[in-house]
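Start counting the sequence shown at 0; every next residue gets the next number (numbering that gives the first Met the number 0).
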Amino acid sequence: MNARPVYLDLLRIRLPLPGVISFAHRISGVLLFIGIPFALYLLELSLNGRAGFSRAHALLASPWLAPVLLLLVWSLCHHLLAGIRFLLMDIEIAVDRRGSRLSAAWVGGSALVLACVLLLEFYL
């Protein structure tokens, strides 16, 4: 008999914090890829003179877009910081259990704080 599980319920698996950060790194990469057309549209719109720039600014200032911007800015911050973490782990920095947990906690917290600071700077 084959004792391998047939159905793997991802919501029941309890990953350690470094595993969650690794999974979030992949999710943030997908979100950044999905956000590329939106960013290119805003860039093209803003380069079409004063009227286009005003329209792009109005789109970015709309309240319904704030959660989307928060998600995209968080994705960028998290992907950057987690990527640096993984590069440091490639050169044997923070590869033990304690270092891995500390760096994962630092990435998770720093990405969230950095995203909030960047958005507050943008909206204020």
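For each residue, glycine too, the CB sits at the ideal point set by N, CA and C.
- Near residue 52, what residues of its chain come up, given a Cβ to Cβ distance below 7 Å and the 5 sequence neighbours on each side ignored? The answer, listed in chain order, is 45.
- Pick from 39, 2, 22, 121 that is closest to residue 9, judged by C-alpha positions: Taking only the C-alpha atoms, the option nearest residue 9 is 22.
- Can you tell which of 55, 93, 112 has the C-alpha that lies nearest to the C-alpha of residue 70? The residue with the shortest Cα to Cα distance from residue 70 is 112.
- Message: Rounding to the nearest angstrom, what Cα-Cα distance links residue 62 and residue 37 in this structure?
- Response: 17 Å
- Message: Taking the alpha carbon of residue 109 as the reference point, which residue from 3, 56, 13, 84 has its own alpha carbon closest?
- Response: 84
- Indicate, with yes or no, if the ligand PLP has a heavy atom lying under 7 Å from the CB of residue 65. This structure lacks the ligand PLP, and indeed carries no ligand of any kind.
- Give the straight-line distance between the Cα atoms of residue 1 and residue 7, rounded to the nearest whole angstrom. 15 Å
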